[in-house]
């Protein structure tokens with residue numbers, strides 16, 4: 527039986543699944559307002575992206591920018607290190623576009639993420655858990671350097687289109703849905719793409735907006 531992750535492709539022609547990335551709902555969290563009645567809370571529901579996370583946005587942007595510049599061509603394999611969500615995004619997008627993918631992940635990544643990237647056709651290589659993400663990053667660079675003509679490496683930790691994807695999409699969506707009245711933005715760090723991209727966009731609109739990690 528196909529993995530349930532593949533259900534996102536059902537009844538969708540060609541690459542139309544990619545058109546569903548972004549424009550996620552902004553959900554009001556009324557439960558918090560009972561404790562803080564003078565504050566309105568919203569959550570950006572990034573799990574509505576087809577890959578299930580915010581990482582779909584930068585993964586698509588990095589891949590499409592590389593296509594535009596010619597750095598990524600059909601014969602190349604997409605290679606990067608990941609702890610999970612970006613890898614799922616790479617695998618989903620590459621399945622839609624027809625690319626091969628090789629992901630380097632710490633061996634303690636959970637079983638569900640392993641199954642999902644495999645279901646989308648990605649090859650996974652695992653590095654020692656004690657080395658964490660740094661070990662996966664080093665191994666990805668080693669593989670790339672061993673055969674530079676074979677691989678395209680988005681390098682999510684250093685690629686400016688990681689944060690730029692959020693500057694151009696997530697930030698404007700938040701500003702639009704809050705009618706420009708947002709006062710604070712809170713996000714986790716990770717690669718810092720979401721925090722930097724959304725934060726820079728919102729600060730350009732109003733420097734008084736607080737950006738909190």
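Residue numbers (the working numbering): 527 to 739.
Even for Gly, the Cβ is constructed at its ideal location relative to N, Cα and C.
Just so you know, these numbers come straight off a predicted model, no measurement behind them.
Minimum Cα-Cα distance from residue 672 among the listed residues 618, 580, 605 and 640 corresponds to 605.
For residue 727, the three-state secondary structure derived from DSSP is helix. The DSSP assignment places complete beta strand (DSSP E) segments of no fewer than 3 residues inside the segment 664-726 at 710-712, in order along the chain. Assigned with DSSP and collapsed to three states, residue 623 falls in helix. Cβ-Cβ distances below 6 Å link residue 610 to 635 and 639 in the same chain, with the five nearest sequence neighbours on each side left out; the list follows chain order.
Excluding its 5 nearest sequence neighbours in each direction, residue 665 has C-beta neighbours in its own chain below 8 Å: 607, 630, 651 and 653, listed in chain order. Rounded to the nearest whole angstrom, the C-alpha separation of residue 603 and residue 554 is 41 Å.
Closest option to residue 690, judged by alpha-carbon separation, among 627, 661, 655 and 586: 586.
Annotation for residue 626: 603 place their beta carbon closer than 6 Å to its own, counting only its chain and skipping 5 residues before and after.
Each residue's CA atom was taken as its position, placing residue 595 and residue 617 some 21 Å apart.
Comparing alpha-carbon positions, the option among 719, 542 and 550 lying closest to residue 700 turns out to be 550. DSSP places residue 618 within a helical segment (H, G or I) once states are collapsed to three. Within the model, the alpha-carbon separation for residue 564 versus residue 704 is close to 16 Å. Counting only residues of its own chain and dropping the five nearest sequence neighbours on each side, residue 615 has a CB closer than 6 Å to the CB of 577, 581, 582 and 585. DSSP lists 632 as the beta-bridge partner residues of residue 653.
Relative to residue 556, the option among 692, 624 and 566 whose CA is nearest is 566. The alpha-carbon separation between residue 681 and residue 562 amounts to approximately 40 Å. Residue 643 and residue 619 have their C-alpha atoms roughly 11 Å apart. Secondary structure of residue 542 (DSSP, three-state): helix.
Rounded to the nearest whole angstrom, the CA to CA distance from residue 558 to residue 718 is 26 Å.
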